[in-house]
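Everything on this sheet refers to the single structure shown next.
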Amino acid sequence: MVSPSLEFQQAVLEALRGSAEVLALVHGVYDGVTFGKAKKAQGAPWGAKRGYVSFGPESSVPDDFDCLALDEITLQVDVWSKRPGRVHCKTICAAVRMALRGVVLDLPTYGHLRTSLVLERVIPDPRVGITHGVMQFSAEIEEAR
Numbered sequence: 466m467v468s469p470s471l472e473f474q475q476a477v478l479e480a481l482r483g484s485a486e487v488l489a490l491v492h493g494v495y496d497g498v499t500f501g502k503a504k505k506a507q508g509a510p511w512g513a514k515r516g517y518v519s520f521g522p523e524s525s526v527p528d529d530f531d532c533l534a535l536d537e538i539t540l541q542v543d544v545w546s547k548r549p550g551r552v553h554c555k556t557i558c559a560a561v562r563m564a565l566r567g568v569v570l571d572l573p574t575y576g577h578l579r580t581s582l583v584l585e586r587v588i589p590d591p592r593v594g595i596t597h598g599v600m601q602f603s604a605e606i607e608e609a610r
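Note that this note's numbering gives residue 604 to position 139 of the sequence shown, counting from 1, and the numbers run on in steps of one.
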């Protein structure tokens, strides 16, 4: 059986990759990023747009009610920009927020009740010239019975 967090992650990935606004600002949306020599030669993950989105840490906590079995899943979406200043990073964050605001995600096995943005931070990365946006989304997922 597939876990609720895996189905949620896949649905978020599809929603972000399906957003024209997000893709207009970034080279790609990734589950994981590798910085090998071949990738660097192709400009990945940054690309010509000098930005990308990836997944960070996540957590899942059972949150059962009377007759409802829920999982509360927190997923971190990381936004990366190599453009000077914070404007590009903040613009990507706004596009990510809009792509996930109010959307009912289609999960094959579980029921998606809602997703909320609970934290958004834009910080300088320790690597010079990179701005990092940290967005944490919390979702309530109804377990299959």
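We put the CB at the ideal spot given by N, CA and C, even for glycine.
Could you pull out every residue in the same chain whose Cβ sits closer than 6 Å to the Cβ of residue i, ignoring the five residues on either side in sequence?
i: Glu469; result: Looking at the sequence itself, residue 469 is Pro, so the reference to Glu does not match. Excluding sequence neighbours, Pro469 sits near Asp536, Tyr575 and Ile606.
i: Ala564; result: Ala480, Leu481, Ser484 and Val487
Rounded to whole angstroms, what is the Cα-Cα separation between residue i and residue j?
i: Gly594; j: Lys555; result: 15 Å
i: Gln507; j: Ser525; result: Confidence at Gln507 is low in this model, with a pLDDT of 47, below 50, so the placement of that residue is unreliable and no value is reported for it.
i: Leu584; j: Glu523; result: 13 Å
i: Leu490; j: Glu472; result: 26 Å
i: Pro591; j: Glu608; result: 39 Å
Could you check where the beta strand (DSSP E) with residue i kicks off and where it finishes?
i: Thr596; result: Thr596 to Glu607
i: Thr580; result: Gly576 to Pro589
Could you pull the start and end residues of the alpha helix (DSSP H) that residue i belongs to?
i: Tyr488; result: Here residue 488 is Leu; the residue named in the question, Tyr, does not match the sequence. It spans Ala485 to Leu488 - the alpha helix (DSSP H) in which Leu488 sits, taken as one unbroken run.
i: Pro469; result: Pro469 to Arg482
i: Leu565; result: Val552 to Leu565
Tell me, please, which residues DSSP counts as bridged to residue i.
i: Ser519; result: Tyr495 and Asp543
i: Leu535; result: Glu607
i: Val526; result: Glu537
So residue i packs on residue j, CB below 8 Å; how close in whole Å?
i: Ala480; j: Val568; result: 6 Å
i: Val518; j: Val561; result: 6 Å
i: Val599; j: Gln541; result: 6 Å
Can residue i be considered in contact with the ligand GDP, in the sense that its beta carbon sits closer than 6 Å to one or more heavy atoms?
i: Ala560; result: The ligand GDP is absent from the structure shown, which contains no ligands of any kind.
Between which residues of its own chain and residue i is the CB-CB distance below 8 Å, once the five residues before and five after are set aside?
i: Ala476; result: Leu570, Asp571, Leu572 and His577
Whose C-beta lies closer than 7 Å to the C-beta of residue i among residues of the same chain, with five residues either side of it excluded?
i: Leu478; result: Val494 and Asp496
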